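Q:
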Amino acid sequence: MKKLFLLAIPILVLTLLTSCRPPELEGAFVDYNAGRYDNALKLAKEATEKYPTNAEAWYLLGEIYGKKEMYSEMKHAFDKALANNPTPDIQNKIKNATMYYFQNLFNRGVSNYNTYAKMQDTASEEAKEQLRKSTEYFKKANIVKPDYKAVDLIAFAYSILGEKDSAFVYYTKLTQEWPDSADAYVKLGRFYVVNQKFEEAIPLLEKALELDPENADAIQIIAEAYDFAGKTDKAIETYKKAMEINPEEKAFPFNLGRLYFQKVASGSIDDSTKQQYLHECAKAFGRVIELDPSMKEAYDYKSNCELMAKDYEDALVTLKQATERFPDEGKFWYNLGVVYYNLKDTEKAQEAIDKAKALGVE
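Going by full-length UniProt numbering, the first residue of the sequence shown is number 1, and it counts up by one from there.
1) Could you say which of D147, P203, A309, G286 lies nearest to V298 if we only look at CA atoms?
2) Please report the residue range of the alpha helix (DSSP H) in which S181 lies.
3) Spatial neighbours of M308 within its chain, please: CB distance less than 6 Å, with the 5 preceding and 5 following residues excluded, ordered by chain position.
4) I'd like to check one pair, A141 with L105: are the Cβ atoms closer than 8 Å?
5) What is the DSSP secondary structure of E69, counted as helix, strand or coil?
6) Which two residues bound the contiguous alpha helix (DSSP H) that contains L25?
7) For the putative contact between L209 and G189, defined by C-beta atoms under 8 Å, what is the C-beta separation to the nearest angstrom?
8) Where T346 and A265 are concerned, what is the direct C-alpha to C-alpha distance, given to the nearest angstrom?
9) Just tell me which of P327, A44, N54 has its CA closest to the CA of L61.
10) Check the C-beta distance from V339 over to L359 and give it rounded, since I have them as a contact under 8 Å.
11) State the CB to CB distance for the pair K250 and V288, rounded to an integer number of angstroms; the pair is presumed to be in contact (CB under 8 Å).
12) For I353, is the classification buried or exposed, using 16 other Cβ atoms within 10 angstroms of its Cβ as the cut-off for buried?
13) From the DSSP output, in three-state form, read off Q350 for me.
14) In whole angstroms, give me the CA-to-CA distance for T18 and P88.
15) In its own chain, which residues sit with a C-beta less than 8 Å from the C-beta of N342, not counting the 5 before and 5 after it?
16) Return helix, strand or coil for Y51, following the three-state DSSP convention.
17) Anyone know if the C-beta pair for Y260 and E244 falls short of 8 Å?
18) Quick one: measure Cβ to Cβ for S303 and N335, integer angstroms, because I've assumed they're closer than 8 Å.
19) Rounded to whole angstroms, what's the CA-CA distance from R325 to A123? Just pull it up for me.
20) Contact between the stretch 46-55 and the stretch 68-75 is defined here as three or more beta-carbon pairs at a separation below 8 Å; is this criterion met?
21) Below 8 Å between beta carbons: does that hold for N112 and S134?
22) Out of A184, K234, N114, M70, which has the shortest C-alpha to C-alpha gap to T175?
23) Residues in the same chain with beta-carbon distance under 7 Å from A39, minus the five sequence neighbours each way, listed in chain order, please.
24) Exposed or buried, C305, counting other C-beta atoms within 10 Å across all chains shown (16 or more means buried)?
25) Spatial neighbours of D292 within its chain, please: C-beta separation below 6 Å, excluding the five flanking residues on both sides.
26) For K274, report the span of its alpha helix (DSSP H) as first-last.
27) Can you give the beta carbon distance from A55 to A81, rounded, assuming they're within the 8 Å contact cut?
28) In terms of residue numbering, what span does the alpha helix (DSSP H) encompassing E362 cover?
29) Go through its chain and collect everything with a Cβ distance to Y214's Cβ below 8 Å, but skip five positions before and after it.
30) Give the C-beta separation of G109 and L153 to the nearest angstrom, bearing in mind that I take them to be a contact with Cβ-Cβ under 8 Å.
31) Can you give me the C-alpha to C-alpha distance between N96 and P203, rounded to a whole angstrom?
32) Where does M74 sit, in a helix, a strand or coil, going by DSSP?
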């Protein structure tokens, strides 16, 4: 029995020795728990320098940095702790601390942004200052834990502030740090389109569609980019796809019809193709009228296409609708008179022409 007791002594001593913290680290914990963060920081630094593979020392250093709002240093210390075989308890503490600081900083950024959004004059310096504060909190949140939404909101805030260079940096950051996100490429592509850099936008939006072929935002924006970059054929095909994805959006058929009309007006197509394009043009603007019967320009485009195609019966229907909805628009009455002449109804043709003249159209 005595022999067994003696054998247990070295085992107990070994356990005590291996469970003891280094004196610098123990002192750092004492000061940390007492709220003496400056001295705790000094001792924790000494502990990590003297025991660079001690995960607990790095963890505590990170916690102290967090208390002092030194987030880059906190993140570095936590990363060092995780790289040095930490216990499950330390891993959980780092995870919880990271989420605490991230959520706190992100929510403060949201609060500043909401304050900005509720101001009556969002162009005022006071409002802009709230927006700038929000970007600083989102930046700090992203340091603590890389986050797509935080970076997106930073870029968006800079766009509102008119700070294009800064907005570009953070929109680009989205594509660099989240290269598999179609939305990241859409955001950067939209930024280029808004700034009228259509050629630069196109490959980014094509990348977005490579990642997500049915991305409605990418399809809409790339159609506009193709359009304004002069890539008419690609724009036409993309607007058609956009109409399939969002059939209630009147801008798509309007732009599609406009492009067909431009191709006809260019005069560089044969008669058969011209007839086809005029038919497609009228069809597109017919859809616009269905979606928004109050859009005067759609009646103008549609009736002109029908007149050019010599589809007088269709033009008659369109122009009757136009003159009923816009009775003071002389050009509709004039074109209605032209239609009646071509349909051999000279009496109604003269009435319509007289009405046009009375409204100032000769």
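Each residue gets a CB set at the ideal place from its N, CA and C atoms; glycine is no exception. All values derive from a computational prediction rather than experimental measurement.
A: Reading it off the structure:
1) Residue identity differs from the one stated: residue 298 is Ala in this sequence, not Val. Relative to the Cα of A298, the nearest Cα in the group D147, P203, A309, G286 belongs to G286.
2) Unbroken run through S181: none, as it is neither H nor E.
3) Within the same chain, and ignoring the five residues on either side of M308 in sequence, the residues whose Cβ sits closer than 6 Å to its Cβ are L278.
4) Yes, the Cβ-Cβ distance between L105 and A141 is below 8 Å.
5) E69 falls in the coil class under three-state DSSP.
6) Residues 23-33.
7) Their Cβ separation, rounded to whole angstroms, is 10 Å, which puts L209 and G189 out of contact at 8 Å.
8) When rounded, the distance between both Cα atoms is 29 Å.
9) Minimum Cα distance to L61 is reached at A44.
10) Not a contact, Cβ separation roughly 17 Å.
11) Going by Cβ atoms, the distance from K250 to V288 rounds to 5 Å, so yes, they are a contact pair.
12) Residue burial is scored here from C-beta neighbours: I353 has at least 16 other C-beta atoms within 10 angstroms and is therefore classed as buried.
13) The answer is helix: DSSP assigns Q350 an H, G or I state.
14) Confidence at T18 is low in this model, with a pLDDT of 39, below 50, so the placement of that residue is unreliable and no value is reported for it.
15) Counting only Cβ-Cβ distances below 8 Å, and skipping sequence neighbours, we find K310, Y312.
16) DSSP places Y51 in coil when its eight states are reduced to three.
17) It is not a contact, given that the beta carbons lie outside the stated cut-off.
18) The pair is a contact, with the Cβ atoms about 6 Å apart (cut-off 8 Å).
19) R325 and A123: Cα-Cα distance of roughly 39 Å.
20) Cβ pair count under 8 Å is below three, so no.
21) The criterion of a C-beta distance shorter than 8 Å is satisfied by N112 and S134.
22) Per the Cα distances, A184.
23) The amino acid occupying residue 39 in the given sequence is Asn; Ala does not appear at that position. Take N39, set aside five residues on each side of it, and the residues of its chain with a beta-carbon closer than 7 Å to its own are D31, in chain order.
24) Residue environment analysis places C305 among the buried positions, since at least 16 neighbouring C-beta atoms fall within 10 angstroms of its C-beta.
25) Excluding residues within five positions, the ones whose Cβ falls inside 6 Å are K250.
26) Counting along the chain, the alpha helix (DSSP H) containing K274 begins and ends at 271-291.
27) About 5 Å separates the CB atoms of A55 and A81; that is less than 8 Å, so the two are in contact.
28) That residue, E362, is in no alpha helix (DSSP H); it is neither H nor E in DSSP.
29) The question names Tyr, but residue 214 is Glu in the sequence shown. Result list for E214: I245, in chain order.
30) About 7 Å separates the Cβ atoms of G109 and L153, confirming a contact at the 8 Å cut-off.
31) Near 40 Å, if we compare the C-alpha coordinates of P203 and N96.
32) The answer is helix: DSSP assigns M74 an H, G or I state.
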